[in-house]
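See below for the structure under consideration.
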Ligand code: CUA
């Protein structure tokens, strides 16, 4: 009898949960409402089967419960019942599959007037390419990928010059225009998914896959990577913002084209030396760092990282938090660098400075620290030498007291909480995997040995 009650309760609670659950599909933001219809059809059919089977089971247990005066009777075959069950099952399965086939036919047939946008996935970030005024995406190849050519643009294809390259993790799309998203991976399998668009597709290295959709409502939606693609897979987030046409146009006008990018002159260390005098007041003449001024070593850091951090300080992406006492001091300093070329020049000058050997200030167990470092090493390199491709700066030779403070800032969300700080945001999630202060000290003790 207990089992009968349990089965009936299971059915009742499941139905109640279904109707009153707060966890339901988010309102659709694309033309793919049909996908919801197919999901609903499947849910209704499986619900009818679920209710029927469980209630029948409860009834059978009750009706044929143990009774010493009753004998069971043996009936191995029942043609009529088997035919009925086969027909009902066939109709049920066909009803679940057929609508999916209809929707899939739409899903793989892109309308002729669809705009093309390329989505590039790599460990662990998203970037985007739009075709520019000629409406044609230039040729790309992973062989061309370099520090100053992250998209792998072909030098031989003139159609690529006006391609708009979006290195941020935020893509904008105009409302009510069909768009074909071409999906390309630079390294391993990823998966592009925007729940509100109801689209989801693998990115496969060596081929270009696609999805198409028409955004039907403005807003900002999360792009999730839905393929386990390595240690920081869960940090691989992006955003798609659906704009009214005029907002989209003004966003587009601010983006950089491949020609713009090629026209940027490299940083000039000689021009940068004069600006560095201000930095040297705290960070030292050789950028060696100064614990008394809470200024870390700059000489160990690569120019691309220095440039990005200065830009983040200028734009309030880093050092804007009330709790970031020392980061806040950097904002006015960064503002003294008038423009991007001043930033590039001073970063280039810092790149010419020889790092001084670091003096460890933290004691911990380097052997235990080595185990914690395995995670860090995935991005920052086995010798903590840094890795441009993953935008991970050098850690070896950096002041341990500074790294300790940054790890704490990341963990508390004092640094990296700003959504535009893609890599800082990844570090927040990574820093939280260090369970306590002792593991941080052990890690830094190990770093001091590198
Ligand atoms: Cu990319 Cu998971």
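Numbering (our numbering), first residue to last: 102 to 551.
Positions of the beta carbon are idealized from the N, C-alpha and C atoms, including for glycine.
Self-check item: Which residues DSSP lists as bridging residue 453, in chain order
Solution: The residue you call residue 453 lines up with position 352 of the chain shown. According to DSSP, which records beta bridges pairwise, residue 453 is partnered with nothing at all.
Quiz item: DSSP beta-bridge partners for residue 326?
Solution: Position 225 of the chain shown holds residue 326. According to DSSP, residue 326 bridges with 293.
Practice problem: From the DSSP output, in three-state form, read off residue 122 for me. | Solution: Numbered from 1 along the chain shown, position 21 holds the residue referred to as residue 122. Residue state, collapsed to three classes: coil.
Self-check item: Cβ distance (whole Å) where residue 437 is taken to contact residue 379 below 8 Å
Solution: If you number the chain shown from 1, residue 437 lands on position 336. If you number the chain shown from 1, residue 379 lands on position 278. Indeed they touch by this definition, with Cβ atoms about 6 Å apart.
Quiz item: Going by DSSP, which residues form a beta bridge with residue 437?
Solution: Start at 1 with the first residue of the chain shown, and residue 437 comes out as number 336. The partner list for residue 437 (beta bridge, DSSP) is empty, contrary to what the question assumes.
Exercise. Count the other C-beta atoms from every protein chain shown that fall within 10 angstroms of the C-beta of residue 154, then say buried if there are 16 or more, exposed otherwise.
Key: Walking along the chain shown from the start, residue 154 turns up at place 53. By the 10 Å Cβ count, residue 154 comes out exposed.
Quiz prompt | Residues of its chain near residue 362, where Cβ-Cβ distance is below 7 Å and the 5 sequence neighbours each way are ignored | solution = Sequence index remark: in the chain shown, residue 362 carries index 261 (1-based). If we look at residue 362 and ignore the five residues flanking it on each side, its Cβ neighbours are 266.
Practice problem: Please report how far the alpha carbon of residue 311 lies from the alpha carbon of residue 439, in whole angstroms. | Solution: Within the chain shown, the letter at position 210 stands for residue 311. Within the chain shown, the letter at position 338 stands for residue 439. So the two alpha carbons sit approximately 42 Å from each other.
Practice problem: Could you tell me if the beta carbon of residue 334 falls within a distance shorter than 7 Å of some heavy atom in the ligand CUA? | Solution: Here residue 334 refers to the residue found at position 233 of the chain shown. Yes, the beta carbon of residue 334 sits closer than 7 Å to at least one heavy atom of the ligand CUA.
Exercise. With hydrogens ignored, establish whether the beta-carbon of residue 222 is closer than 7 Å to any heavy atom of the ligand CUA.
Key: Counting from one through the chain shown, the residue named residue 222 turns up at place 121. Yes, Cβ of residue 222 sits closer than 7 Å to a heavy atom of the ligand CUA.
Quiz prompt | Residues near residue 374 in its chain [Cβ-Cβ closer than 6 Å; skip 5 each side] | solution = Reading the chain shown from its first residue, position 273 is the one you call residue 374. 450.
Quiz item: Is any heavy atom in the ligand MN found nearer than 7 Å to the beta carbon of residue 326?
Solution: The ligand MN is absent from the structure shown, which contains only the ligand CUA.
Practice problem: Could you check the C-alpha separation between residue 140 and residue 289 for me, to the nearest Å? | Solution: Position 39 of the chain shown, counted from the first residue, corresponds to residue 140. Position 188 of the chain shown, counted from the first residue, corresponds to residue 289. Taking the straight line from one Cα to the other gives about 30 Å.
Exercise. Could you check what DSSP says for residue 254 in three-state terms: helix, strand or coil?
Key: Counted from its first residue, the chain shown places residue 254 at position 153. Residue 254: strand per DSSP, three-state reduction.
Practice problem: My understanding is that residue 548 touches residue 472, with C-beta atoms under 8 Å, so please give their C-beta distance in whole angstroms. | Solution: In the chain shown, residue 548 corresponds to position 447, counting from 1. In the chain shown, residue 472 corresponds to position 371, counting from 1. That belief does not hold up - the Cβ atoms of residue 548 and residue 472 are roughly 13 Å apart, past 8 Å.
Exercise. Within 10 angstroms of the Cβ of residue 168, are there 16 or more other Cβ atoms? Answer buried if so, exposed if not.
Key: Looking up residue 168 in the chain shown gives position 67. So residue 168 ends up on the exposed side.
Exercise. Output the distance between the C-alpha atoms of residue 183 and residue 305, rounded to the nearest integer angstrom.
Key: Within the chain shown, the letter at position 82 stands for residue 183. Within the chain shown, the letter at position 204 stands for residue 305. For residue 183 and residue 305, the distance between alpha carbons rounds to 45 Å.
Quiz item: Any heavy atom of the ligand CUA closer than 7 Å to the CB of residue 329?
Solution: As a working mapping, residue 329 is identified with position 228 in the chain shown. Checking the Cβ of residue 329 against the ligand CUA gives yes.
Exercise. Give the C-beta separation of residue 405 and residue 489 to the nearest angstrom, bearing in mind that I take them to be a contact with Cβ-Cβ under 8 Å.
Key: Numbered from 1 along the chain shown, position 304 holds the residue referred to as residue 405. Numbered from 1 along the chain shown, position 388 holds the residue referred to as residue 489. Contact flag correct, Cβ pair sits at about 6 Å.
Quiz prompt | Neighbourhood of residue 528 by C-beta distance below 7 Å, restricted to the same chain and skipping five residues each side | solution = Within the chain shown, numbered from 1, the residue matching residue 528 stands at position 427. Once the five neighbours on either side are set aside, the close Cβ partners of residue 528 are 511 and 517.
Quiz item: So the alpha helix (DSSP H) residue 191 belongs to, where does it begin and stop?
Solution: Start at 1 with the first residue of the chain shown, and residue 191 comes out as number 90. Per DSSP, residue 191 belongs to the alpha helix (DSSP H) from 180-209.
Quiz item: So residue 407 packs on residue 345, CB below 8 Å; how close in whole Å?
Solution: Here residue 407 is taken as the residue at index 306 of the chain shown, counted from 1. Here residue 345 is taken as the residue at index 244 of the chain shown, counted from 1. Wrong, their Cβ atoms sit about 38 Å apart, outside the cutoff.
Quiz item: Between residue 571 and the ligand CUA, is the CB less than 7 Å from at least one heavy atom?
Solution: The question about residue 571 has no answer here: the residues shown for the chain are numbered 102 through 551.
Practice problem: Quick one: grab the DSSP three-state call for residue 337. | Solution: Indexing the chain shown from 1 puts residue 337 at position 236. DSSP places residue 337 in coil when its eight states are reduced to three.
Practice problem: Rank 372, 222, 443 and 199 by C-alpha distance to the C-alpha of residue 324 and give the top, closest one. | Solution: Residue mapping note: residue 324 aligns to position 223 of the chain shown, counting from 1. It is 222 whose Cα lies nearest to the Cα of residue 324.
Quiz item: What is the rounded straight-line gap between the Cα of residue 382 and the Cα of residue 367?
Solution: The count along the chain shown starts at 1 and reaches residue 382 at position 281. The count along the chain shown starts at 1 and reaches residue 367 at position 266. Rounded to whole angstroms, the separation of the alpha carbons of residue 367 and residue 382 is 26 Å.
Quiz item: Quick one: what's got a C-beta closer than 6 Å to residue 201's C-beta in the same chain, skipping five residues either side?
Solution: Here residue 201 is taken as the residue at index 100 of the chain shown, counted from 1. So the list reads 139, once near-sequence residues are dropped.
Practice problem: Evaluate residue 212 with the Cβ neighbour count: other Cβ atoms within 10 Å of its Cβ, from every protein chain shown; 16 or more gives buried, anything less gives exposed. | Solution: Along the chain shown, read from residue 1 onward, the residue named residue 212 stands at position 111. Residue 212 should be labelled exposed.
Quiz item: How is residue 356 classed by DSSP in three states: helix, strand or coil?
Solution: If you number the chain shown from 1, residue 356 lands on position 255. Looking at residue 356 - three-state DSSP - the assignment turns out to be coil, as it is neither helix nor strand.
Self-check item: Alpha carbon of residue 230 to alpha carbon of residue 219, nearest angstrom
Solution: One-based indexing of the chain shown puts residue 230 at position 129. One-based indexing of the chain shown puts residue 219 at position 118. If I take the Cα positions, the gap works out to 5 Å.
Quiz item: Does the beta carbon of residue 302 fall short of 7 Å from some heavy atom of the ligand CUA?
Solution: Position 201 of the chain shown holds residue 302. It does not: the Cβ of residue 302 is nowhere closer than 7 Å to a heavy atom of the ligand CUA.
Quiz item: From the DSSP output, which residues share a beta bridge with residue 217?
Solution: For this step, residue 217 is matched to residue 116 along the chain shown. Partner(s): 281.
Quiz item: Should residue 531 be listed as close to the ligand CUA, given that the test is whether its C-beta is under 7 Å from any heavy atom?
Solution: Here the question's residue 531 lines up with position 430 in the chain shown. No, Cβ of residue 531 sits at least 7 Å from all heavy atoms of the ligand CUA.
Self-check item: residue 176 versus residue 111: straight-line alpha-carbon distance, rounded
Solution: As a working mapping, residue 176 is identified with position 75 in the chain shown. As a working mapping, residue 111 is identified with position 10 in the chain shown. Computed Cα separation, rounded: 30 Å.
Self-check item: Straight-line Cα distance separating residue 301 from residue 151
Solution: Residue mapping note: residue 151 aligns to position 50 of the chain shown, counting from 1. Residue mapping note: residue 301 aligns to position 200 of the chain shown, counting from 1. Straight-line measurement puts the Cα of residue 301 at about 28 Å from the Cα of residue 151.
Self-check item: Neighbourhood of residue 135 by C-beta distance below 6 Å, restricted to the same chain and skipping five residues each side
Solution: By one-based count along the chain shown, residue 135 stands at place 34. Counting only Cβ-Cβ distances below 6 Å, and skipping sequence neighbours, we find 204.
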